[in-house]
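Report on one structure; see the data block that follows.
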């Protein structure tokens, strides 16, 4: 028996060149982890008794090449039995296989660990793309879980061209929806697995993202009636303004995969997603010119926010619900925090993370991206950086410190029953990659397909530089920034026929463009359409072209 280590957790198959006797049987078994004795630990890929296995029987006619094209596996390690000698490197090859999705973006920064997290995220995202759906795992379940896909969708869009992939998957949602009740299964197109309202809400969220990032208005037209049916179904689970479940079914997962015990009530998460999707439906109705629907969903959104605050806001402390596992970030994302309350709420959130969590996260698949987004927006970006770059449990750094080359299903390395380790190749926590593009590099579409772009980088923590590129319908958007003790430099490329809103930190000194002082007034020769100096920032509106800004202390 021989065990091969390919150094990276992938999806695909093994290509093997062999010679042997007729009838000789070679067995290949695939896994993600090893036991201490060097044998493959199969628990993360199928709870031990469900093993990924290929068997090849030789015909005995010289060199033979085994390469299956009718299956795929999730693996880093391959155990080979029945081969007479250790295979030579030239005779073995791990073939990476996934649904076609062209690379669409790249991110790089000065922090080695953040770069490794980005790389592991990309592998997990692309490893999950098979059979035209985003899978939760490439081996054990192989299901298109809506909740997993929803939270990772923005990261997928930044890294890969997902326009056709998601458009096709949304058709599966339409087909899978119960036409009588409006219910959407938690997994699409195959109808199985646990979940809750968030899982069906992927239908609305991903369709909206396709409009924002690709300008696909047709996807909204095509699915608007189905989305309305889904929202009406969710409304049947409302009691006193709170979404208690899916219709009469109150058995919902809520915030999944938190470190340790899930404490946040499912009804909190359910209500958040109903309100969030009501807000999206208001926007979709506006785009489609459906005035009556726009007003209806505006009211649903406002009613839900009011009920959310009444039920979950703790005015004395500033916390929401249990005051942990990202509850304040959910409230911020929903728009439930009043302007005069934000300082107290955000301070409470930060204190909990520092004091109770020792600068670690305590969130699951939905709260994690919301938490890091909220920390940056509320002025706690350095805390976000500290949490993400920590290497002890729980966190991304802990995964990588324990040998991860793709992201795990849980923050724990081992979790579950029968010594079952969690899946070690799961895309849902890859949401962090979207945060790197959107917050650290600062690239966000302000209007559909990046016709108008926001460039607002966050030079957080110990980062000295960061850069990102994204292909858009108009061309490439690129951002690179560098931070020193006395200067912040920002290099931008804006594609033709677009404009960008640029936000730079105000360090108290001069603002330069190509090393020339920039006046706070329009200069169309330089592409500056608007310029304003504020207390903490510079705000610019620029046209297409290449720019080299610098802010001095």
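Residue numbers (our numbering): 123 to 675.
Even glycine gets a Cβ: it sits at the ideal position worked out from N, Cα and C.
(1) Can you look up residue 196 in the DSSP assignment and give me helix, strand or coil?
(2) In terms of residues, what are the limits of the beta strand (DSSP E) holding residue 574?
(3) Output the residue ranges of the alpha helix (DSSP H) runs that lie fully inside the stretch 212-267 and measure 4 residues or longer, sorted by chain position.
(4) Using a Cβ-Cβ cutoff of less than 6 Å, which residues in the same chain neighbour residue 348 once the five nearest sequence positions on both sides are dropped?
(5) Locate the beta strand (DSSP E) running through residue 188, then write down its first and last residues.
(6) Starting from residue 526 and walking both ways along the beta strand (DSSP E), at which residues does that stretch end?
(7) Which partner residues of residue 175 appear in the DSSP bridge assignment?
(8) Starting from the Cα of residue 650, find the closest Cα among 630, 628, 616 and 629 and give me that residue.
(9) CB-CB under 7 Å to residue 474, same chain, minus the five flanking residues each way: which ones, in chain order?
(10) How should residue 592 be labelled, buried or exposed, when 16 other C-beta atoms within 10 angstroms of its C-beta is the threshold for buried?
(11) Exposed or buried, which one is residue 569 when buried takes at least 16 other CB atoms within 10 Å?
(12) Residue 128 to residue 264, Cα distance in whole Å?
(13) With contact counted as at least three CB pairs below 8 Å, one residue from each stretch, are the stretch 383-400 and the stretch 307-314 in contact?
(14) Could you check which residue in 621, 519 and 545 has the C-alpha nearest to that of residue 567?
(15) Taking 8 Å as the cut-off, does the stretch 493-509 touch the stretch 459-475 (at least 3 CB pairs, one atom from each stretch)?
(16) Should the stretch 529-538 be regarded as contacting the stretch 602-611, the criterion being three or more beta carbon pairs within less than 8 Å?
(17) Give a yes or no on contact between the stretch 631-639 and the stretch 588-602, applying the rule of three or more CB pairs nearer than 8 Å.
(18) From residue 653 to residue 168, what distance separates their C-alpha atoms?
(19) Is it buried or exposed, residue 200, if we count other Cβ atoms within 10 angstroms and call 16 or more buried?
(20) Could you give the residue range of the alpha helix (DSSP H) that holds residue 717?
(21) Can you say whether residue 278 is buried or exposed, counting buried as having 16 or more other CB atoms within 10 angstroms of its CB?
(22) Which ranges would you report for the alpha helix (DSSP H) in the stretch 477-515 if only whole runs of at least 4 residues count?
(23) Which two residues bound the contiguous alpha helix (DSSP H) that contains residue 428?
(24) Check for me: the alpha helix (DSSP H) holding residue 388 runs from which residue to which?
(25) Run the CB neighbour count on residue 335, radius 10 Å, all protein chains shown included, and call it buried at 16 or more, exposed below.
(26) Residue 611 by DSSP, collapsed to three states: which one?
(27) I'd like the list of long-range same chain contacts for residue 406, defined as Cβ closer than 6 Å, with 5 residues on each side in sequence excluded.
(28) Let me know the secondary structure DSSP gives residue 597 once reduced to three states.
(29) Let me make sure I understand the geometry here. Which of 326, 338 and 141 has the alpha-carbon closest to that of residue 396?
(30) Check residue 539 in the structure and name its three-state DSSP category.
(31) Can you look up residue 466 in the DSSP assignment and give me helix, strand or coil?
(32) Since I believe residue 516 is in contact with residue 546 (beta carbons under 8 Å), could you give me their beta-carbon distance rounded to a whole number of angstroms?
(33) Go ahead and label residue 109 buried or exposed: buried means 16 or more other beta carbons lie within 10 angstroms of its beta carbon, across all protein chains shown.
(34) Provide the residue span of the beta strand (DSSP E) that contains residue 362, from first to last.
(35) Quick one: Cα of residue 255 to Cα of residue 294, how far?
(36) Relative to the alpha-carbon of residue 664, which residue among 613, 628 and 658 has its alpha-carbon at the smallest distance?
If we stick to the structure as given:
(1) Strand.
(2) Counting along the chain, the beta strand (DSSP E) containing residue 574 begins and ends at 574-577.
(3) Counting only runs of 4 or more, we get 234-249.
(4) The residues are 296 and 299.
(5) Per DSSP, residue 188 belongs to the beta strand (DSSP E) from 186-188.
(6) No beta strand (DSSP E) contains residue 526, which DSSP labels as neither H nor E.
(7) Listed as beta-bridge partners of residue 175 by DSSP are 151.
(8) Of 630, 628, 616 and 629, the residue nearest in Cα terms is 616.
(9) Exclusion of the five residues before and after residue 474 leaves 445 and 446 as the residues of its chain whose Cβ lies within less than 7 Å of its Cβ.
(10) Result: buried.
(11) Flag for residue 569 reads exposed.
(12) Rounded to the nearest angstrom, the two C-alpha atoms are 22 Å apart.
(13) Segment contact: the stretch 383-400 against the stretch 307-314, fewer than three CB-CB distances shorter than 8 Å; contact not assigned.
(14) Closest by alpha carbon: 621.
(15) The stretch 459-475 vs the stretch 493-509: in contact.
(16) No contact exists between the stretch 529-538 and the stretch 602-611.
(17) Judged by Cβ distances under 8 Å, the stretch 631-639 makes no contact with the stretch 588-602, as fewer than three pairs qualify.
(18) Here the alpha carbon of residue 653 sits roughly 58 Å from the alpha carbon of residue 168.
(19) By the neighbour-count rule (16 or more Cβ atoms within 10 Å), residue 200 is buried.
(20) Lying before the first or after the last residue shown, residue 717 is absent from the chain, which here runs from 123 to 675.
(21) Per the 10 Å Cβ criterion, buried.
(22) List check, alpha helix (DSSP H) in window: 489-499 and 503-510.
(23) Residues 413-434.
(24) DSSP places residue 388 in the uninterrupted alpha helix (DSSP H) bounded by 388-410.
(25) By the neighbour-count rule (16 or more Cβ atoms within 10 Å), residue 335 is buried.
(26) Three-state result, residue 611: strand.
(27) Here the set comprises 342.
(28) Three-state result, residue 597: strand.
(29) Checking every option, the nearest Cα to that of residue 396 belongs to 326.
(30) Confidence in residue 539 is poor, its pLDDT being 46 and thus under 50, which makes the residue's placement too unreliable to answer from.
(31) In this structure, residue 466 counts as helix in the three-state DSSP scheme.
(32) Incorrect: roughly 15 Å between the Cβ atoms, too far for contact.
(33) The structure shown does not extend to residue 109, since the chain is modelled only from 123 to 675, so the question has no answer here.
(34) Careful: residue 362 lies outside any beta strand (DSSP E) and carries neither H nor E.
(35) Rounded to whole angstroms, residue 255 to residue 294 spans 9 Å at the Cα level.
(36) The shortest Cα separation from residue 664 among 613, 628 and 658 belongs to 613.
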